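Peer 1: Protein chains in written order, with this note's numbering: chain F, 45 to 383; chain A, 45 to 383. Every residue gets a Cβ at the ideal spot worked out from N, C-alpha and C, and that includes glycine. In this text, all values refer to a predicted model and were calculated from it rather than measured experimentally. Sharing a structure with you now.
Quick look at the structure:
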C-alpha cells in the first residue's frame, strides 16, 4: 500500500511550530504508511525536529516564508500571501502532491482557501465543516458547523449523505443514524429550512434517517450524524465547550469548599480527569472540511501535539478508505432525485 | 398594596394536581400579597389542599371539567376545550380576573392560547418565551426560546427591549448587557437575520448593547440578555440541559469506579449536589411569555412544587413592578425609530 501524503501547516495556531511539529513526529512514530510534508519556516521546523528521533523517510520539510495570522481578512490573505505555509499546503493538495492537509491556522482562511484553491468535488454544492463531538458513550458527527450559514435544503441533503459515509468508513459505525436538529420531535415542527428538508431526507433510501433530534438528545448519543445549518451547528459546538468548561470549574470550586471536600476531591481527581478528557472536544483530531478535491482538516487554534497527531491519522484513514470517490459516487448518482 | 391575583392551571404537567397545588400552598405561606386561583378538578384540588395548613383567604378553587393533554394539537384543543383548566386560566387573565397565570401544561397550547385568547400588548409583534438560564455566577435571560421561528429583525429588536426591562426590574440587574447570539465576535459575521439586526440594535439608545455573543460565552455570563430567534434559543436551552445531565451522569459513574473514588464521592456529595442545583434550569421558575395583556408563565412539564412556587412569585413581582406598562411605554414610544 502506498503511504498517505499529508501536508502540515506548521505555522498556524497558538502553539506553532513546536506542538505542530511534535504532532507530526508522534504520528509517523505511531502509524505506518504516513508521509508528512512539514510546511513553514524551515529553520524553525528543523530546530524543533532536532529534539526528536523519528523515521527520516517519513518526514520532509518544505520552506514557506510567510504566515497568515488569525486576524487577517481571509480572502485578501489567501490571495496575497502565496508563500504562506497555509496557501502552500493548499496548492500541494490541489496539485496532488499531497492527499490531504492539516492546519490549526485561521478558520476563515482555511474555509475560503479550501473553496478557492483546493476546490470542490463535482456535485458538491457547499463543503461542510464536520467535527466529531463526544456523546455519552461515543461520538457523533456534527455537520455543518462553520462553513455555510443560510443553507438550502439541497445542502443539508448532501451533508446527510457525506456524513453517513464518513461515520461508516472513518468511525466504523454501521448504518449510522442520521437526525436533523429541530425544536421538537414532531414532524410538523421547525423553521422553514427544516420543514422543507425533512420530507426530502425521508425520501432518501441510501441513508438511515431517524427524523428530528432535539438538542437535548445530542449529548445522549441519539444520532450518529447530526445535520444542521452552520449557524446552528456553530452554536451547538461552542455551547458544548461553554457548558462543559463552566460545570468543570464549578465542580473544582466545590471541591475547594472545605477540608472534607478537599480530601474527597483528591480521591477522585485522577478518575475525574480521565472522564472529562473522554468528553473533551479536542480528543478526536480536528474538523474535516468535506467535499473538497482532497481533504482539509482544521484543528483548534489551541491544538497541541496530540490533536495534530490524531488529525494526521484521520487524513490517512480518509485516503485509505478512498472517501472522496465514495462521496462522488453518492452525490453524482443521487443528485437528480433531490432536485 | 393590593394582592397579585394568579390563576394556576392545576391540571397541566406530569405531576398534576399534587405538586401544582402544593406549590400554591408554599407560595402563599412564604409570600404576602399573593392570591392564587386554583383552576381544575375541584374535588381533586380540595383533596390535595386538605393535606396542608395555609391562609384560606389567599387561595380559591375554581372548577374546570376538562384537561388539555400534552399530545393534543394546540389550536384545536384551545378552541374545543373551553372548560379546560388551561383555557379557563387564560380567560381569567383576559378579563382581568387574574393578573397573571402559571401552567405546566402543553407548551404548544400555552403559546397558541396566549396569542389567541389573552392577546398581545399593542405594539408587540411577537411575544417571546424567555426563560432565565444559569451562568457561572448568576443568570441570563434567553429571549426568544420557543415562540417565533423564522423571526424578523424587528422582532429581535423588541426582544432586546423587553428583555432589558425584565432583567432590570425582575432580576435587579442594573443596565443589563444585551448580546445577540452569533457565530463569531466580529461584526461582519452571521446569517442574514443577525447581519440585518446588528446595526439596528447598535442604534438603540435605551439598551446596553454589547454586540455579538458566541454560544461558548453564554454560560460564562458574558451577557445578561441573550437575543436570538426561537430556533436557536431552543437549541441553546435544550443543549444546556443535555450537556449538563450527561456530564453529571458521567461524574456519578466516575465516583463509582473503585473504593477510593466511592469514598471521595461520599465526601463531596452534599456540596456537589448544591453546586449542581445552582446550575439547574428549573431553579428560577418557569419561562414567561412576554408582551401579552397579562403574564403567562410556562413551567417545565416535569415541574415540582418548588418551581410552581417560584413561578407564582415571578408573576407577583411582574405585577408589582408594573412591567406591562413599562413594555408599552418603550415599545410604543420607540416603534417608529425601528421601522
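Would you please verify whether the beta carbon of residue 170 of chain A is less than 7 Å from any beta carbon of chain F?
Peer 2: It does not; no Cβ of chain F falls within 7 Å.
Peer 1: In three-state terms, what does DSSP make of residue 279 of chain F?
Peer 2: Helix at residue 279 of chain F.
Peer 1: Let's see if you can read the secondary structure: which residues bound the alpha helix (DSSP H) around residue 206 of chain A?
Peer 2: Start and end: 197-210.
Peer 1: Show which residues of chain F have a CB atom less than 7 Å away from the CB atom of residue 298 of chain A.
Peer 2: Correct list: 312, 315, 316, 319.
Peer 1: Given this structure, state the Cα-to-Cα distance separating residue 153 of chain F from residue 118 of chain F, to the nearest angstrom.
Peer 2: Cα-Cα distance, rounded: 4 Å.
Peer 1: Residues in its own chain within less than 6 Å of residue 340 of chain A by CB, not counting five upstream and five downstream?
Peer 2: Excluding residues within five positions, the ones whose Cβ falls inside 6 Å are 145, 158, 333.
Peer 1: So, are the CB atoms of residue 220 of chain F and residue 268 of chain F less than 7 Å apart?
Peer 2: A contact, by the Cβ cut-off of 7 Å.
Peer 1: Where in the segment 291-360 of chain A do unbroken runs of the beta strand (DSSP E), each at least 3 residues long, occur, reported from the N-terminal end onward?
Peer 2: Within the segment 291-360 of chain A, the complete beta strand (DSSP E) runs of at least 3 residues are 331-333, 339-342.
Peer 1: With H, G and I counted as helix, E and B as strand and the rest as coil, what does DSSP make of residue 118 of chain F?
Peer 2: Residue state, collapsed to three classes: helix.
Peer 1: If you reduce the DSSP assignment to three classes, tell me which class residue 261 of chain F lands in.
Peer 2: In the structure shown, residue 261 of chain F sits in a helix (DSSP, three-state: H, G or I).
Peer 1: Is there contact between the segment 173-188 of chain F and the segment 264-284 of chain F, where contact requires at least three CB pairs shorter than 8 Å?
Peer 2: Output reads yes: the segment 264-284 of chain F touches the segment 173-188 of chain F.
Peer 1: Run through chain A and tell me which residues come within less than 8 Å of residue 284 of chain F, C-beta to C-beta.
Peer 2: Simply 283, 287.
Peer 1: Hey, is the segment 84-97 of chain A in contact with the segment 48-63 of chain A, meaning 3+ C-beta pairs nearer than 8 Å?
Peer 2: These segments touch.
Peer 1: Distance check for residue 284 of chain F and residue 395 of chain A, CA to CA, integer angstroms please.
Peer 2: Since the first residue shown for chain A is 45 and the last is 383, residue 395 of chain A is missing from the structure and cannot be characterised.
Peer 1: Which same chain residues end up closer than 8 Å to residue 287 of chain F when comparing Cβ atoms and leaving out the 5 residues on each side of it in sequence?
Peer 2: If we look at residue 287 of chain F and ignore the five residues flanking it on each side, it has no Cβ neighbours.
Peer 1: Please confirm whether residue 245 of chain F and residue 253 of chain F have their CB atoms less than 7 Å apart.
Peer 2: Yes; because the gap between Cβ atoms is below 7 Å, this pair is in contact.
Peer 1: If contacts are defined as beta-carbon pairs under 8 Å, then residue 138 of chain F and residue 337 of chain F qualify, I think. What distance do you get, rounded to the angstrom?
Peer 2: The pair is a contact, with the Cβ atoms about 7 Å apart (cut-off 8 Å).
Peer 1: Going straight from the alpha carbon of residue 250 of chain A to that of residue 256 of chain A, what length do you get?
Peer 2: Using only the alpha carbons, I get a separation of about 18 Å.
Peer 1: Using a Cβ-Cβ cut-off of less than 8 Å, give me the residues of the segment 172-196 of chain A that come near chain F, in sequence order.
Peer 2: Within the segment 172-196 of chain A, the residues whose Cβ lies closer than 8 Å to some Cβ of chain F are 179, 180, 190, 193, 194, listed in chain order.
Peer 1: For a contact defined as C-beta to C-beta under 7 Å, what are the partners of residue 261 of chain F on chain A?
Peer 2: 286, listed in chain order.
Peer 1: Tell me which residue opens and which closes the alpha helix (DSSP H) that residue 158 of chain A is part of.
Peer 2: No alpha helix (DSSP H) contains residue 158 of chain A, which DSSP labels as neither H nor E.
Peer 1: Buried or exposed: which applies to residue 77 of chain A, given that a residue is buried once 16 or more other Cβ atoms fall within 10 Å of its Cβ?
Peer 2: Exposed.
Peer 1: Rounded to the nearest angstrom, what separates residue 382 of chain A and residue 65 of chain F at their Cα positions?
Peer 2: Its pLDDT being 46, under 50, residue 382 of chain A is placed unreliably by the model, and nothing is read from it.
Peer 1: What are the residues in the segment 126-156 of chain F lying within 7 Å of chain A by C-beta distance?
Peer 2: Residues: none.
Peer 1: Does residue 236 of chain F get closer than 7 Å to chain A when you measure Cβ to Cβ?
Peer 2: Yes, contact with chain A.
Peer 1: Would you say residue 307 of chain A lies against chain F (beta-carbon separation less than 7 Å)?
Peer 2: Output row for residue 307 of chain A: interface = yes.
Peer 1: In this structure, how does DSSP classify residue 126 of chain A when only helix, strand and coil are distinguished?
Peer 2: Here residue 126 of chain A sits in coil by DSSP.
Peer 1: Taking residue 195 of chain F and residue 273 of chain F to be in contact with their CB atoms under 8 Å, please state how far apart those CB atoms are, rounded to whole angstroms.
Peer 2: The Cβ separation is near 4 Å, so the contact holds.
Peer 1: Give me whichever residues DSSP pairs with residue 245 of chain A in a beta bridge.
Peer 2: Per DSSP, none; premise fails for residue 245 of chain A.
Peer 1: Would you mind reading off the limits of the beta strand (DSSP E) that contains residue 84 of chain A?
Peer 2: 78-84 is the extent of the beta strand (DSSP E) around residue 84 of chain A.
Peer 1: Tell me the DSSP bridge mates of residue 104 of chain F?
Peer 2: Partner(s): F/81.
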